[in-house]
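Student: There's a structure below that I have some questions on.
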């Protein structure tokens, strides 16, 4: 499989800076995020589209200013994620409401819509000089128990939000990951037309 | 339930224009999207984050320049969506790969990650003067049959992409929907701290 490594070289016109500058850091500076910046990031999330404007997202937030609350949420991550996420300014647990409020039927795209809200949050974070690193690696039953998440709602991801630390001059694995070339599949492998796996020629 | 109607009034600092200007139009101008703009939107999608960089997204695209292909994809939407999506410049069917390629285990966040890629596409579209309207309302079995989508992959959404038409001077239902006040839940109803449904005070 081939892969492109530079977002500015993959279409005739480059993608927007807010998208190309985004990456998911392992290295965060251990400092707080200003509360007004956090509010703006959350505001961005809720203006995402959702099926029937259900807004199926529920976010549980813990800021490092509140060390007990932060430790509680950190403990809901799998260990490999705790090792770096401990330096984030904010931890957010995203939770999906699995049914539509209007008629109590299953919302097939609830988790998809959590993804859209989370992506909006990340765009806003980037605009504010912040970075985010999203994790599927959470202990779902611990999340449910710790916060009393009821039936009908599922934890989906955690988001570490904060100020990325400069990896320059470090040679540990996490610094290497933050400095490594980012790769994505070429269009031929995922953009189809007419039938499955037939390249759209983009 | 109360709701806010103006994104610029809901946090101390406004969210980014690329997020606040976004809406999901019912009225599109019946004209093509330039191929280089489509490529840039797709490029934006693939630079989204995904779990283990799996990039579980597969997109099937049909442009209105190719009327037969466009009609085929339009026919995969539920009828209520066909009535307005027929004017879009491009229709895109999003499909999720349900397992990780690296080890063939289930990817719990595949549909979530489709949402993130789709949101990136929408941000880029907005930056290029385009709008997108995403739909859960698709005929999943018709999608699967029409395009030969194999086991292990699920259709997720369709995206109508194009130039929004000005609703001014029209009084049909779709123009009213495009001009209506947009509403979102106040933070207290979805941003929690410490325990479920305990407001984070954002």
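Chains as they are written, first to last, in our numbering: chain A, 1 to 202; chain B, 1001 to 1202.
Don't be surprised by glycine CBs; every beta carbon is placed ideally from N, CA and C.
What are the boundary residues of the beta strand (DSSP E) that residue 64 (chain A) is part of?
Tutor: Here residue 64 (chain A) belongs to no beta strand (DSSP E), and DSSP marks it neither H nor E.
Student: Under 9 Å between C-beta atoms, does residue 1005 (chain B) make it to chain A?
Tutor: In this prediction, residue 1005 (chain B) has a pLDDT of 41, which is less than 50 and means its spatial position is unreliable; what the coordinates show is noted afterwards. Between residue 1005 (chain B) and chain A, the shortest Cβ-Cβ separation is not below 9 Å.
Student: What does a CB cutoff of less than 6 Å around residue 150 (chain A) pick up in its chain, not counting 5 residues either side in sequence?
Tutor: none
Student: Using alpha carbons as the reference points, say which of B:1107, B:1087 and B:1051 lies closest to residue 1163 (chain B).
Tutor: B:1087
Student: Quick one: Cα of residue 60 (chain A) to Cα of residue 1170 (chain B), how far?
Tutor: So the two alpha carbons sit approximately 42 Å from each other.
Student: Contact criterion: CB-CB distance below 9 Å. Does residue 1190 (chain B) meet it with respect to chain A?
Tutor: yes
Student: Just to confirm the assignment: which complete alpha helix (DSSP H) runs, minimum length 4, are found wholly within the segment 63-127 of chain A?
Tutor: 67-74, 79-85 and 110-127
Student: Would you tell me roughly how many angstroms separate the C-alpha atoms of residue 120 (chain A) and residue 50 (chain A), rounded to the nearest one?
Tutor: 12 Å
Student: Counting only Cβ-Cβ distances shorter than 7 Å, please list the residues of the segment 1110-1123 of chain B near chain A, keeping chain order.
Tutor: 1111, 1112, 1113, 1114, 1115, 1116, 1118, 1119, 1120 and 1123
Student: Mind checking which residues open and close the beta strand (DSSP E) that includes residue 1161 (chain B)?
Tutor: 1153-1162 is the extent of the beta strand (DSSP E) around residue 1161 (chain B).
Student: Taking the alpha-carbon of residue 1160 (chain B) as reference, which of B:1106, B:1073 and B:1053 has the nearest alpha-carbon?
Tutor: B:1073
Student: Using three-state DSSP, classify residue 199 (chain A) as helix, strand or coil.
Tutor: Of the three classes helix, strand and coil, the one that applies to residue 199 (chain A) here is strand, per DSSP.
Student: Rounded C-beta distance between residue 1056 (chain B) and residue 1113 (chain B)? I'm assuming under 8 Å.
Tutor: Between residue 1113 (chain B) and residue 1056 (chain B) the Cβ distance is about 5 Å, and since that is below 8 Å, they are a contact.
Student: Can residue 1098 (chain B) and residue 1117 (chain B) be called in contact, C-beta distance under 9 Å?
Tutor: no
Student: Between residue 1199 (chain B) and residue 58 (chain A), what straight-line distance do the alpha-carbon atoms span, to the nearest angstrom?
Tutor: Going by the C-alpha atoms only, they are around 11 Å apart.
Student: How is the beta strand (DSSP E) around residue 1132 (chain B) delimited, first residue to last?
Tutor: Annotation for residue 1132 (chain B): the continuous beta strand (DSSP E) segment containing it runs 1131-1135.
Student: Distance, Cα to Cα, residue 1046 (chain B) vs residue 1054 (chain B)?
Tutor: 11 Å
Student: Could you tell me whether any Cβ in chain A is nearer than 9 Å to the Cβ of residue 1147 (chain B)?
Tutor: yes
Student: So is residue 105 (chain A) in contact with chain B if we call contact Cβ pairs under 9 Å?
Tutor: no
Student: Say whether the segment 137-155 of chain A touches the segment 92-106 of chain A, bearing in mind that this needs 3 or more beta-carbon pairs closer than 8 Å, one atom from each stretch.
Tutor: yes
Student: Just the Cα atoms here: how many angstroms apart are residue 1077 (chain B) and residue 1143 (chain B)?
Tutor: The straight-line gap separating the alpha-carbon atoms of residue 1077 (chain B) and residue 1143 (chain B) is approximately 9 Å.
Student: Can a CB atom of chain B be found closer than 9 Å to the CB of residue 27 (chain A)?
Tutor: no
Student: Name the chain A residues that come within less than 8 Å of residue 1016 (chain B), Cβ to Cβ?
Tutor: 18, 44, 123, 124 and 127
Student: Ordered along the chain, which non-local residues of its own chain (more than five positions away) have a Cβ less than 6 Å from that of residue 1064 (chain B)?
Tutor: 1032, 1070 and 1089
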